[in-house]
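Trainee:
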Amino acid sequence: MDKYLNKRKNLAYPYVVWSVGFTVIPLIVILRYALLDRTGAFTLSNILAIVDPVNLKALIFSLEIAGGCTLICILLAYPLVLALKRLNFGGRRSTIFILILPMWMNFILKLLAWQMILSSNGILNLVLSRMGIGSIDISNTYISIMIGVVYDYLPYMVLPLYDAVSAIDDDIIEAAEDLGAKKLTVFGRIIFPLSIPGLMSGITMVFVPSMTSFVTADILGGGKLQLVGNIIEQEFIQSMDWNMGAGLSVALMIFVLISMAFTVEKHEQSDRQEETAW
Amino acid sequence: MNKKFCVAVISMVLTGLLLGGCAESPASVSSAPDTLTVFNYGEYMDPDVIEMFTKETGIKIKYEEAVTPEEMYTKYKAGAIQYDLLCTSDYMLKRLIEEGELQEVDFSSFEYKDNIGDKYWEFSKAFDPDNKYTLPYFWGTIGILYDTTKVKEPVHSWDVLFNGEYAGDIIMQNSVRDAFMITEKYLGYSLNTTDKEEIQNTYDTLLKQKPDVEAYLVDEARDEVVAGNAAMAVVYSGEAYLGHEFNENLAYVIPDEGSNVWLDSWGITKNCANKEAASKFLDFLCRDDVALKNFEYIYYLTPNETVKGQLDEELQNDKTLFPDDKETENCEVCTLTDPETNTLLNDLWKELKAN
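Chains X and R, in that order, are what the protein sequence lines are. Quick note on our numbering: the first sequence kicks off at 1 and runs consecutively. Quick note on our numbering: the second sequence kicks off at 279 and runs consecutively.
Here you go:
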């Protein structure tokens, strides 16, 4: 038994090397840049620069986009996941496959395709005007950014949610129905609470990346709207001010950590439950 | 299912990293005597040219690429690769010359140096005052590409971008430098201005213009005009030529107030041990047939005056590829390297985007 455990421990080494090399060390480097100014003296100004009006505005816009994106993803994912639960095995597999398929395509390519669909002479407006509805002008606005991030991150909401919902025993749902619960009650009292672990990991995987997807904002927002990611990118690439860029990244990380603190707490509880079940 | 999926994702990421790692890791040894390490922008030289050179001289070329001048500078300064020759842009060359990174080129040993027109040696003086360090390679301008079906009268001034007549139909370049440079020319300032008040006025003009701008784009600027999504875009001359290939109704103009001319030139680094081979390579690039080959690969403006005569008539008369001297009369080369001004411009740019 001991031998087996030791072996299991050894298996973790590649991951340890990986996480130290590609997470811990880079984080230290970023922190170091963030806490120094251009001359190499200690400063907190790079991190505090997040409350500068220009940066704060970008941060608030990022939160709006990320919050909206997460909400829309949740609203789209639940019906899909519930429908998936009813499908037979083959149906589920092909639906999931279709959902994952776009993830194999290059991200920039997908954005460029969306740009062509949404542009003022684009495919969407062509279809709309053929149908006699007339054209709508949503290219280069926050709406098109929102469409872009939802399209990109929806699978990251669906997959964990699907895992959580499909793990719910059908017997429990049947029992509830036998006892007279309506569909809505079943969802509210059984499915939703039991899917919270999946929901939480979905939120983590959608909220954070959609907050900083500066390429989406650049391509679909026409460079007129900036997320906090755009500002960080500009500090690194155009201003060559790595200290400021790193400082803003750290500030963003602190922000994300605070907002995730609640999520993680809930998550741990449910993990514990899962462990005992295992 | 989820586990399998995770494994698949992780292995894909790993493969990507490994492949990326291979491509990135260069031989960090300095060049062998019969090898030159050349540093250039991506897709900025016909690969046949390199093969021809090796065949003719026996000198091997190790070719490295970068995307932006800043990236080149960072890679060069990192010193992992000993570059012998590099091709970069005006203001970056100025910086490298000022920092003593380039060595003088002995142009007297060149056979084909005179193929480069006098005008371009004059342009070079903006960053290389005695023409000692750099050899002009390609050049171009920034101007307005517009759709003649939407813009009725011919454009002569930057004013069309700022007078509100084409609100919502304008694409600007998504770059601090380009946006500020053209607006400075519009207001009659030098594009190398370090005057705070002039820069502030430029910012105010850009801010006033912002509601009229459909988008700030880089590579897609041209495509939006080609596709008819916008009436006009601020683009580089090379892009304009390619845009014209796709849509015949497009015209390109360098406004009368003048614009930026940019110049990409070659220099020999101070690390280069085999200066003779390096000079040979630069001389080779000036040769008639080699210059033509590169021109037909890149289609930017060439400073090599033998190229025009070798082309068919239609191309010779193309004003985008061969602008008159009069058109570039009021144009300026960007030589702005002052860190304080750059910081100010970057801050204002961020503010412009935030508003």
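Don't be surprised by glycine CBs; every beta carbon is placed ideally from N, CA and C.
(1) What is the DSSP secondary structure of Asp-67 (chain X), reduced to helix, strand or coil?
(2) Under 9 angstroms, CB to CB, which of the residues in the region 230-245 of chain X have a partner in chain R?
(3) List, in order along the chain, the chain X residues whose C-beta lies closer than 8 angstroms to that of Gly-506 (chain R)?
(4) With DSSP as the reference, label Phe-416 (chain R) as helix, strand or coil.
(5) Relative to the C-alpha of Ile-173 (chain X), which residue among X:Ile-190, X:Leu-159, X:Ala-164, X:Ala-261 is closest?
(6) For Ala-77 (chain X), which option in X:Gly-188, X:Tyr-153, X:Phe-236, X:Met-240 has the closest C-alpha, if you only look at C-alpha atoms?
(7) Please list the terminal residues of the continuous alpha helix (DSSP H) segment that includes Asn-572 (chain R).
(8) Look at the alpha carbon of Asp-406 (chain R) and the alpha carbon of Thr-366 (chain R), and state the distance between them as a whole number of angstroms.
(9) Tell me whether Asp-603 (chain R) sits in a helix, a strand or coil according to DSSP, three-state version.
(10) Does any residue of chain X have a CB that is nearer than 8 angstroms to the CB of Tyr-494 (chain R)?
(11) Does the distance from the CB of Val-256 (chain X) to the CB of Val-215 (chain X) come in under 8 angstroms?
(12) Within this structure, are the beta carbons of Leu-314 (chain R) and Asp-362 (chain R) separated by less than 8 angstroms?
(13) As a quick exercise: from X:Gly-229, X:Tyr-13, X:Ser-166, pick the residue whose alpha carbon is nearest that of Gly-198 (chain X).
(14) Of all the options R:Gly-587, R:Asn-572, R:Leu-589, R:Leu-622, which has the alpha carbon lying nearest to the alpha carbon of Asn-330 (chain R)?
(15) Does the Cβ of Leu-184 (chain X) have 16 or more other Cβ atoms within 10 Å, making it buried, or fewer, making it exposed?
(16) Determine whether the Cβ of Lys-558 (chain R) lies closer than 8 angstroms to any Cβ atom of chain X.
(17) For the region 245-258 of chain X, list every residue whose C-beta sits within 9 angstroms of some C-beta in chain R, in sequence order.
(18) To the nearest angstrom, how far is it from the Cα of Thr-293 (chain R) to the Cα of Trp-18 (chain X)?
(19) Using 7 angstroms as the cut-off, classify the Cβ of Cys-550 (chain R) as near or not near the heavy atoms of the ligand SAM, replying yes or no.
(20) Just to confirm the assignment, what range does the beta strand (DSSP E) spanning Trp-540 (chain R) have?
(21) If you measure between the beta carbons of Lys-548 (chain R) and Gln-381 (chain R), is that distance less than 8 angstroms?
(22) Drop a sphere of 10 angstroms on the beta-carbon of Ala-301 (chain R), count the other beta-carbons inside from all chains shown, and report buried for 16 or more, exposed for fewer.
(23) Using a Cβ-Cβ distance under 8 angstroms, would Ala-301 (chain R) count as near chain X?
(24) Straight-line CA distance for Ala-508 (chain R) to Val-433 (chain R)?
(25) Does the structure place the region 389-401 of chain R close enough to the region 580-588 of chain R that three or more beta carbon pairs sit under 8 angstroms?
(26) Can you give the beta carbon distance from Asn-538 (chain R) to Thr-419 (chain R), rounded, assuming they're within the 8 angstroms contact cut?
(27) Quick check: what's the CA-CA separation for Ser-303 (chain R) versus Ala-358 (chain R)?
(28) What residues in its chain sit with their C-beta under 7 angstroms from that of Ala-251 (chain X), if we drop five residues either side in the sequence?
(29) For Phe-317 (chain R), name the three-state secondary structure that DSSP assigns.
(30) Quick check on Lys-7 (chain X) - is its C-beta less than 8 angstroms from some C-beta in chain R?
(31) Per DSSP, which one or two residues make a beta bridge with Cys-365 (chain R)?
(32) Could you work out which residues of chain R lie near Lys-57 (chain X), taking near to mean beta carbons separated by less than 8 angstroms?
(33) Would you tell me roughly how many angstroms separate the C-alpha atoms of Ala-305 (chain R) and Tyr-33 (chain X), rounded to the nearest one?
(34) Label Lys-631 (chain R) either buried or exposed according to how many other C-beta atoms from any shown protein chain fall within 10 Å of its C-beta, with 16 as the threshold for buried.
(35) Quick one: grab the DSSP three-state call for Tyr-390 (chain R).
(36) Rounding to the nearest angstrom, what Cα-Cα distance links Gly-299 (chain R) and Lys-353 (chain R) in this structure?
Mentor: Short version:
(1) A quick correction: the sequence has Gly, not Asp, at residue 67 (chain X). DSSP places Gly-67 (chain X) in helix when its eight states are reduced to three.
(2) Asn-230, Ile-231, Gln-234, Glu-235, Ile-237, Gln-238, Ser-239, Met-240, Asp-241
(3) Asn-121
(4) strand
(5) For Ile-173 (chain X), the nearest C-alpha among the options comes from X:Ile-190.
(6) X:Tyr-153
(7) 566-576
(8) 13 angstroms
(9) coil
(10) yes
(11) no
(12) yes
(13) The candidate whose alpha carbon is nearest that of Gly-198 (chain X) is X:Ser-166.
(14) At residue 330 (chain R) the sequence reads Met, which differs from the Asn that was named. Ranking R:Gly-587, R:Asn-572, R:Leu-589, R:Leu-622 by Cα distance to Met-330 (chain R) puts R:Asn-572 first.
(15) exposed
(16) no
(17) Here the close residues number zero.
(18) Because the pLDDT at Thr-293 (chain R) is just 45, under 50, the model does not fix this residue reliably, and the value given afterwards should be weighed accordingly. Each residue's Cα considered, the two are about 14 angstroms apart.
(19) In the structure on display, the ligand SAM does not appear, and there are no ligands present to speak of.
(20) 538-547
(21) yes
(22) In this prediction, Ala-301 (chain R) scores a pLDDT of 41, lower than 50, which makes its location untrustworthy; the coordinate-derived value is nonetheless stated afterwards. Burial call: exposed.
(23) Note on Ala-301 (chain R): pLDDT 41, under 50, position unreliable in the model; the coordinate value appears next. Not closer than 8 angstroms to any Cβ of chain X, the Cβ of Ala-301 (chain R) fails to qualify, so no.
(24) 15 angstroms
(25) yes
(26) Yes, they are in contact, since the Cβ atoms of Asn-538 (chain R) and Thr-419 (chain R) sit about 7 angstroms apart, within 8 angstroms.
(27) Confidence at Ser-303 (chain R) is low in this model, with a pLDDT of 39, below 50, so its placement is unreliable and the value that follows should be read with caution. About 9 angstroms.
(28) Ile-47, Ile-50
(29) strand
(30) no
(31) R:Trp-544
(32) Ala-632
(33) Note that Ala-305 (chain R) has pLDDT 41, beneath the 50 cutoff, so the model's placement of it is unreliable and no number is given.
(34) So Lys-631 (chain R) counts as buried.
(35) coil
(36) Bear in mind that the predicted position of Gly-299 (chain R) carries a pLDDT of just 42, short of 50, making it too unreliable to give a figure here.
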